[in-house]
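Going by the UniProt record's numbering, the sequence shown opens with residue 677, and the numbers climb by one from there.
Here is the structure we will look at, set down as structure tokens.
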Amino acid sequence: QAKAKGRGAYQLFEPEMEEQARSRHALDHDLRGALEANEFHLVFQPQVRLDTTELTGFEALLRWKHPTRGLVSPAEFIPIAEENGLIVPIGEWVLRTACSSAASWPDMTIAVNLSPVQFRSRGLVAMVTSALAEAGLPPQRLELEVTETALLDDSEATIEILHQLRGLGVRVSLDDFGVGYSSLSYLRKFPFDRIKIDRSFVGTLGESPESVAIVRTIASLGSVLGVETTAEGVETIEQLDFVRECGCTTVQGYYFGRPCPAAEVGRTIETLNAVRRVA
Ligand code: C2E
Ligand code: MG
Ligand code: MG
Ligand code: MG
């Protein structure tokens, strides 16, 4: 009986997995022409300082508008682009586009995500140097976000590249902090400028005492180490008050703004500055 049930469950599961594999295969195929077909664009999400409620900059987030499927989530297509290697040219497009957009804004930072695969490709440091020069963006205004998966394999080589990037004058932050299994050890290997607390902790502050303790602990860790801490995914005033009380230095989340297209960045800056005058 158990066996029969097990088989049934297996058969039920199989078509779903097949469908997933088919979809992945199709996306893999379609990604190959996407850059040339101009199907990518960036959106920008504001980052706000907690002590002064000052807008400090934006994070650039990649969007893919598929010709028939519409918007595909980066959570879905970035792993595929990492697997087929396309993240290298796509990531270069992201960096160059983000830097040139940011060059026309007031003096604020632009944060750009780097994939671990980009670290393994040759010439990352030269590419960053050239993107900055071409955009005329001062290196101090660029912040590169890496996750611990970038540091996992071949961490010596990666740390060396991080030092070279830092040598250019750019800032480096550790993204999605707390979700990996060895986040803490990386704080000893490289002097990150910022720790970004994963939004899965911030999003569950209301129901999880563990999340409360974890956010509190990461914020204190940041303050002891003299590293800035950004709480990601702040959506409510309760979350905002809590992370401020913990000592986080900046926030990024729907509470202050959803990611917006480049054309709306000017308006977002005005709105946030107006809110700040009132607050
Ligand atoms: P991430 O770098 O941790 O980016 C933050 C994600 O949290 C973004 O999702 C953002 O839209 C979302 N978010 C921000 N505030 C809130 C909030 O208050 N509530 C909720 N529910 N979500 C919020 P997005 O844009 O879907 O990106 C997902 C992930 O995809 C990013 O996580 C990053 O790991 C990756 N990604 C995005 N753009 C790029 C890129 O250009 N290059 C690479 N390598 N990865 C990218
Ligand atoms: Mg990020
Ligand atoms: Mg993150
Ligand atoms: Mg993430």
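By construction, the Cβ of each residue, glycine as well, lies at the ideal position given by its N, Cα and C atoms.
Q.
Between which residues of its own chain and E904 is the CB-CB distance below 6 Å, once the five residues before and five after are set aside?
A. Numbered from its first residue, the sequence shown carries residue 904 at position 228. Non-local beta-carbon contacts of E904 in its own chain, meaning distances under 6 Å to residues more than five positions away in sequence, involve R870 and T925 in chain order.
Q: For P937, name the three-state secondary structure that DSSP assigns.
A: Numbered from its first residue, the sequence shown carries residue 937 at position 261. Annotated three-state conformation of P937 is strand, per DSSP.
Q: Quick one: grab the DSSP three-state call for A762.
A: On the sequence shown, residue 762 is found 86 positions in, with the first residue counted as 1. At residue 762 the sequence reads Leu, which differs from the Ala that was named. Under the three-state reduction of DSSP, L762 is assigned to coil, being neither helix nor strand.
**Q.** Cα-Cα separation, Q840 to W769
**A.** Locating residue 840 in the sequence shown gives position 164, where the first residue counts as 1. Locating residue 769 in the sequence shown gives position 93, where the first residue counts as 1. The alpha-carbon atoms of Q840 and W769 are separated by roughly 21 Å.
Q: Please say whether R842 and E819 have beta carbons closer to each other than 8 Å?
A: If you number the sequence shown from 1, residue 819 lands on position 143. If you number the sequence shown from 1, residue 842 lands on position 166. Not a contact, by the Cβ cut-off of 8 Å.
Q. Distance, Cα to Cα, L827 vs A833?
A. Locating residue 827 in the sequence shown gives position 151, where the first residue counts as 1. Locating residue 833 in the sequence shown gives position 157, where the first residue counts as 1. Going by the C-alpha atoms only, they are around 9 Å apart.
Q: May I ask whether a heavy atom of ligand 2 can be found less than 7 Å away from the beta carbon of E821?
A: Counting from one through the sequence shown, the residue named residue 821 turns up at place 145. Yes, Cβ of E821 sits closer than 7 Å to a heavy atom of ligand 2.
**Q.** Straight-line gap, E940 to S777 (C-alpha atoms, nearest Å)
**A.** Looking up residue 940 in the sequence shown gives position 264. Looking up residue 777 in the sequence shown gives position 101. So the alpha carbons of these two residues sit roughly 12 Å apart.
Q. Are residue 985 and A811 touching if we call contact CB-CB under 8 Å?
A. Look at the range of the chain in this structure, 677 to 955, and you will see that residue 985 is not part of it.
Q: Express the C-alpha separation of N714 and C922 in angstroms, rounding to a whole number.
A: The count along the sequence shown starts at 1 and reaches residue 922 at position 246. The count along the sequence shown starts at 1 and reaches residue 714 at position 38. C922 and N714: Cα-Cα distance of roughly 43 Å.
Q. Name the DSSP bridge partner or partners of T785?
A. Here residue 785 refers to the residue found at position 109 when the sequence shown is read from its first residue. DSSP lists G733 as the beta-bridge partner residues of T785.
Q) Does the beta carbon of N949 fall short of 7 Å from some heavy atom of ligand 2? A) Sequence index remark: in the sequence shown, residue 949 carries index 273 (1-based). In terms of side-chain proximity, the C-beta atom of N949 is found no nearer than 7 Å to any non-hydrogen atom of ligand 2.
(Q) In whole angstroms, give me the CA-to-CA distance for A802 and I837. (A) As a working note, residue 802 is residue 126 in the sequence shown. As a working note, residue 837 is residue 161 in the sequence shown. If you draw a straight line from the Cα of A802 to the Cα of I837, it comes to about 11 Å.
Q.
Is E832 close to ligand 6? I mean its beta-carbon at under 7 Å from any heavy atom of the ligand.
A. Because ligand 6 does not appear in the structure shown, any question about it cannot be addressed here, the ligands present being ligand 1, ligand 2, ligand 3 and ligand 4.
Q: Note the first and the last residue of the continuous alpha helix (DSSP H) segment covering Q840.
A: Along the sequence shown, one-based indexing puts residue 840 at 164. Run containing Q840: S831 to L844, per the alpha helix (DSSP H) assignment.
Q: Give every residue of the same chain whose Cβ lies closer than 7 Å to the Cβ of F853, excluding the five residues on either side of it in the sequence, and list them in chain order.
A: Stepping through the sequence shown from its first residue, residue 853 is reached at position 177. By the criterion of a C-beta distance shorter than 7 Å, F853 is surrounded in its chain by S859, I871, K872, I873, D874 and I894, once the five residues flanking it on both sides are discounted.
Q. Hey, E758 and V793 are a contact pair by Cβ (cut 8 Å); roughly how many whole angstroms apart?
A. Walking along the sequence shown from the start, residue 758 turns up at place 82. Walking along the sequence shown from the start, residue 793 turns up at place 117. Their Cβ separation, rounded to whole angstroms, is 5 Å, which keeps E758 and V793 in contact under 8 Å.
Q) Is G767 near ligand 1, with its Cβ less than 7 Å from a heavy atom? A) As a working mapping, residue 767 is identified with position 91 in the sequence shown. Yes, since a heavy atom of ligand 1 falls inside the 7 Å radius drawn around the Cβ of G767.
Q. Roughly how many angstroms separate the alpha carbons of V737 and I913, rounded to a whole number?
A. The count along the sequence shown starts at 1 and reaches residue 737 at position 61. The count along the sequence shown starts at 1 and reaches residue 913 at position 237. Correcting the residue identity first, residue 737 is Leu in this sequence and not Val. Linking L737 to I913 through their CA atoms gives a straight-line distance of about 24 Å.
Q.
If you measure from each CB to the nearest heavy atom of ligand 3 and keep those under 7 Å, what residues do you get, in chain order?
A. Every residue passing the under-7 Å Cβ criterion appears here: D851, D852, K872, D874, R875 and E908.
Q) Which whole runs of the beta strand (DSSP E) in the stretch 838–904 are 3 residues long or more, in chain order? A) For secondary structure counted as the beta strand (DSSP E) over 3 or more consecutive residues, the stretch 838–904 holds these complete runs in sequence order: 847–853 and 870–873.
Q: Tell me whether F753 sits in a helix, a strand or coil according to DSSP, three-state version.
A: In the sequence shown, the residue the question calls residue 753 occupies position 77. Here F753 sits in helix by DSSP.
(Q) Please tell me whether F720 and A950 are closer than 8 Å, where the distance is taken between their beta carbons. (A) Counted from its first residue, the sequence shown places residue 720 at position 44. Counted from its first residue, the sequence shown places residue 950 at position 274. No. Outside cutoff.
Q. What did DSSP end up calling A713 once you bin it into helix, strand or coil?
A. On the sequence shown, position 37 is the one that residue 713 refers to. A713: coil per DSSP, three-state reduction.
Q: Report the three-state DSSP secondary structure of G942 (helix, strand or coil).
A: Along the sequence shown, read from residue 1 onward, the residue named residue 942 stands at position 266. For G942, the secondary structure class from DSSP, reduced to helix, strand or coil, is helix.
**Q.** E735: CB within 7 Å of a non-hydrogen atom of ligand 2
**A.** Here residue 735 refers to the residue found at position 59 of the sequence shown. With a threshold of 7 Å, the Cβ atom of E735 counts as near ligand 2, since some heavy atom of the ligand is closer than that.
Q: Kindly examine ligand 1 and report whether one of its heavy atoms sits closer than 7 Å to the Cβ of E921.
A: Residue 921 sits at position 245 when you count from the first residue of the sequence shown. Checking the Cβ of E921 against ligand 1 gives no.
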